[in-house]
Amino acid sequence: MVYARLILMRLLKAVIVLLLIVIFNFFLIQMAPGDPAAILAGEAGAADQEFINQLRERFGLDQPMYVQLWRYVSGIVMLDFGYSYRLGVPVFDLIMDRLPATLLLTGTAFVLSLVLGIVAGSMAAARVKKPSGSLIMALALVFYATPLFWVALMSVLVFSVYLGWLPAYGLYTVGAGYTGFALVLDIAQHLILPATTLALFFMAIYTRMTRTSMLDAAQQDFVKTARAKGLKPSVIQRRHILRNALLPIITLAGLQAGQMVGGAILTETVFAWPGIGRLMFEALQQRDYNLLLGIFFFSAALVIVFNIFTDLVYRLADPRIKGAS
Amino acid sequence: MSFFARFAQNRGALIGLIILLLIIVMAILAPLLFPESPWRMVQRPFLPPLSQEGFLLGTDTMGRNVAAGLMHGAWVSLLIGLVSTSVALLIGVPLGAIAGYYGGLVDDFLMRFTEFFQTIPNFALAIVLVAIMQPSITSIVLAIALVSWPPVARLVRAEFMSLRHREYVEAARLVGQTNSTIILRQILPNTLSPIIVLASLMVATAILLESALSFLGLGDPNVMSWGYMIGAARTVIRQAWWLSFFPGVAILLTVLALNLVGEGLDDALNPKLSRER
């Protein structure tokens, strides 16, 4: 089975990359300012040398570097990311607690940006030399150049402060006690602003990409054939050009996953969305390095999983590509 | 047609260039128009725009002049954008050149290395790097450079691969030029135009990255930057919209201008490749 071997190869590569990130993380923790034992002792309210030494022994901080590295790596293999210095809770639990909100936000934004981007891009491609086509591209460029966190703030200002249409903060209305369908509706309302904000930037990328890709596809021989056959332009546009133009967009979507993480950090920060991006911001403010690096590792893992997924979709969509990676 | 005439044919690029020049002028005039530190409290806080003479854009939560911050911030944004892009080029160009010129195992190794950096979510990596190294202009520049060199390496590698078997390169080899001479004197000059176009777009991305970092509180605590201004005004958005509005417009215009200039450079430097618009 070509696919099985392919998936296996990709997984092996992913494991190597993740292992490298873990090692990288370990050295970053070593570089982080402040002695973790002293910080823990400080949190416990005692700072005498005796106690610090005890802690150091307990957490293995007195061991040689390679022993510590080994412990750190094998810990992460067992999903033990250590403790958050500030909260005293396992990092893994904190991340798992916040992950669903992030997946909901990025998933919605991803689908939204892809659909809107492809629609806008094909409209622009069909109107290459018309003002309406140029307008779409100009808008895409503006969205591309706008800082995400600023769009987020401005949309709070307009849609929640002035117009009062949508809630600006959080995942659901705290204290309203909604259940069932009412809760779903409430969360959906809270999702609109963050998801749209996050989607705008990616929509701009997909719009530009779809247009370029469609203009390229329109030059191909099979399009000339279709035109010579007398097919309607709208049919050619949809069934011949768009379908072939979609392939590079799938690849690009995979590459954008890393960017999506960055966007989620900013969007979640502004909208107080309780996901791992917001958690990263909180870790940053409290200088909670262990938590920060745990989230960093986790976000890289998410991106890799998503990359493998898009790679498979790409291969399913284009049967011409077999095996060769 | 001259270089500038080709550039100016793209109307968007011309507009971009004008905006960019205005921002550069802003940065240069900042210390002349506002010789005082932009951190100094000069009036009562929360002064709305146009409400008091001399405070065109109002004051912030601490009574600092927003217009002064905006002009001093221009300098920081441009500086960080340019320097971090240069550092990224210093990493990416040699790696790409070596990988593309030598090929084989060297290429394999360098490309795996590049892929590794491309897989890591780049904004998250930048955050971690700045947080660990402590926020300063140097750490911000380094972090931005470290996350933005891979596209340079890939571009330069592709160019070198397509040029390394050209006749003039073979000729240079035949007359006994060393590999380093061929790389630096024969091939590299021919790859400059795509590098310049990419670099102009990278400056724009670097400015966005810097503003996002300082928005999250990872800016250099000693310099006033646009991202910091927005970040500091985030919690008072209901009371004082102007504090986050104006710096955001400044970032948007700068990044937009650089993108437009990049497109214009692409048209001017690669006249054959540029598409009909």
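Protein chains in written order, with the UniProt record's numbering: chain A, 1 to 325; chain B, 1 to 277.
All C-beta atoms in this analysis are idealised placements derived from N, C-alpha and C, irrespective of residue type, glycine included.
Please read these numbers as outputs of a predicted model, since none were measured by experiment.
Residues bridged to residue i [DSSP beta-bridge criterion]
i, result
"A/P90", "A/Y83"
"A/R208", "None; A/R208 has no bridge partner."
Which of helix, strand or coil DSSP assigns to residue i
i, result
"B/T59", "strand"
"A/M78", "coil"
"B/M41", "strand"
"B/S274", "Low local confidence applies: a pLDDT of 48 at B/S274 is under 50, so the model's placement there is unreliable, and no value is given."
"A/R227", "helix"
"A/N53", "helix"
"B/F7", "helix"
"A/A324", "Note that A/A324 has pLDDT 44, beneath the 50 cutoff, so the model's placement of it is unreliable and no number is given."
"B/L64", "A quick correction: the sequence has Arg, not Leu, at residue 64 of chain B. If DSSP states are grouped into helix, strand and coil, B/R64 belongs with the strands."
"residue 280 of chain B", "The first residue shown for chain B is 1 and the last is 277, placing residue 280 of chain B beyond what the model contains."
"B/H72", "helix"
"A/G262", "helix"
"B/L17", "helix"
"A/L150", "Looking at the sequence shown, residue 150 of chain A is not Leu but Trp. Looking at A/W150 - three-state DSSP - the assignment turns out to be helix."
"B/F34", "coil"
"B/V223", "coil"
"B/H165", "coil"
"A/G180", "helix"
"A/M9", "helix"
"B/T178", "coil"
"A/Y172", "coil"
"B/S136", "coil"
"A/D62", "coil"
"A/I21", "helix"
"B/R154", "helix"
"B/E53", "coil"
"A/D97", "helix"
"A/L200", "helix"
"A/F126", "The sequence shown places Ala at residue 126 of chain A, rather than the Phe named in the question. In this structure, A/A126 counts as helix in the three-state DSSP scheme."
"B/S2", "coil"
"B/P121", "coil"
"B/L208", "helix"
"A/D288", "coil"
Whole-angstrom C-beta distance between residue j and residue i, which should lie under 8 Å
i, j, result
"A/L105", "A/L198", "7 Å"
"B/V130", "A/L293", "Wrong, their Cβ atoms sit about 13 Å apart, outside the cutoff."
"B/S77", "B/W226", "6 Å"
"B/G264", "B/A13", "2 Å"
"B/W242", "B/G58", "5 Å"
"A/L157", "B/I251", "At roughly 16 Å, the Cβ-Cβ gap does not stay under 8 Å, so A/L157 and B/I251 are not in contact."
"A/A145", "B/V255", "4 Å"
"A/A283", "A/I265", "Going by Cβ atoms, the distance from A/A283 to A/I265 rounds to 11 Å, so no, they are not a contact pair."
"B/V152", "B/G96", "6 Å"
"A/A300", "A/I21", "5 Å"
"B/L163", "B/I187", "5 Å"
"A/W150", "B/G248", "4 Å"
"A/Y83", "A/N244", "So it is not a contact: roughly 52 Å between Cβ atoms."
beta-carbon residue i near the ligand FMN non-hydrogen atom, thresh 7 Å
i, result
"B/W241", "Here there are no bound small molecules, and the ligand FMN is not part of this structure."
> If you measure beta-carbon to beta-carbon, which residues of the segment 129–143 of chain B are closer than 7 Å to chain A?
Replying inline: A131, I132 and Q134
> For the segment 214–237 of chain B, which residues have a beta carbon sitting closer than 9 Å to at least one beta carbon of chain A?
Replying inline: F215, L216, G217, L218, W226, G227, I230, G231, A233, R234 and I237
> Using a beta-carbon distance cut-off of less than 7 Å, what residues from the segment 91–124 of chain B approach chain A?
Replying inline: F116, T119, I120, P121, N122, F123 and A124
> In chain order, what residues of the segment 264–281 of chain A put their CB closer than 8 Å to some CB of chain B?
Replying inline: I265, L266, T269, V270, M280 and F281
> Touch check for the segment 227–239 of chain A and the segment 102–116 of chain A: three-plus C-beta pairs under 8 Å?
Replying inline: no
> Should the segment 56–69 of chain B be regarded as contacting the segment 83–103 of chain B, the criterion being three or more beta carbon pairs within less than 8 Å?
Replying inline: no
> Taking a cut of 8 Å between CB atoms, which residues from the segment 99–120 of chain A lie near chain B?
Replying inline: none
> Listed from N- to C-terminal order along the chain, which residues in the segment 11–22 of chain A have their beta-carbon within a distance smaller than 8 Å of any beta-carbon of chain B?
Replying inline: V17, L20 and I21
> Taking any Cβ of chain A, which residues in the segment 201–214 of chain B have a Cβ under 8 Å from it, in chain order?
Replying inline: A204, L208, S211 and A212
> Using Cβ-Cβ distances below 9 Å, what residues of the segment 235–251 of chain A are close to chain B?
Replying inline: none
> Using a Cβ cut-off of 9 Å, which residues of the segment 243–258 of chain B contact any Cβ in chain A, in chain order?
Replying inline: S244, F245, P247, G248, V249, I251, L252, L253, T254, V255, L256, A257 and L258
>> With three or more C-beta pairs closer than 8 Å as the rule, is the segment 159–172 of chain B touching the segment 211–221 of chain B?
In response: no
> For the segment 65–81 of chain A, which residues have a CB atom closer than 8 Å to at least one CB atom of chain B, in sequence order?
Replying inline: none
> Is it true that the segment 251–261 of chain A meets the segment 308–319 of chain A, where meeting means three or more beta-carbon pairs spaced less than 8 Å apart?
Replying inline: yes
> Using a Cβ cut-off of 9 Å, which residues of the segment 138–150 of chain A contact any Cβ in chain B, in chain order?
Replying inline: A138, L141, V142, Y144, A145, T146, P147, L148, F149 and W150
> Using 8 Å as the Cβ pair cut-off and three pairs as the minimum, do the segment 101–109 of chain B and the segment 43–52 of chain B touch?
Replying inline: no
> Is the number of C-beta pairs between the segment 211–229 of chain A and the segment 154–170 of chain A that are closer than 8 Å three or more?
Replying inline: no
> Would you say the segment 167–175 of chain A touches the segment 83–95 of chain A, given that touching needs at least three Cβ pairs under 8 Å?
Replying inline: no
> Counting pairs of Cβ atoms below 8 Å between the segment 196–212 of chain A and the segment 260–278 of chain A, do you hit three or more?
Replying inline: yes
> Which residues, in order along the segment 291–312 of chain A, keep a beta-carbon less than 9 Å from a beta-carbon of chain B?
Replying inline: L292, L293, I295, F296, S299, A300, L302, V303, I304 and N307
>> For the pair the segment 122–133 of chain A and the segment 212–226 of chain A, tell me if three or more CB-CB distances fall below 8 Å.
In response: yes
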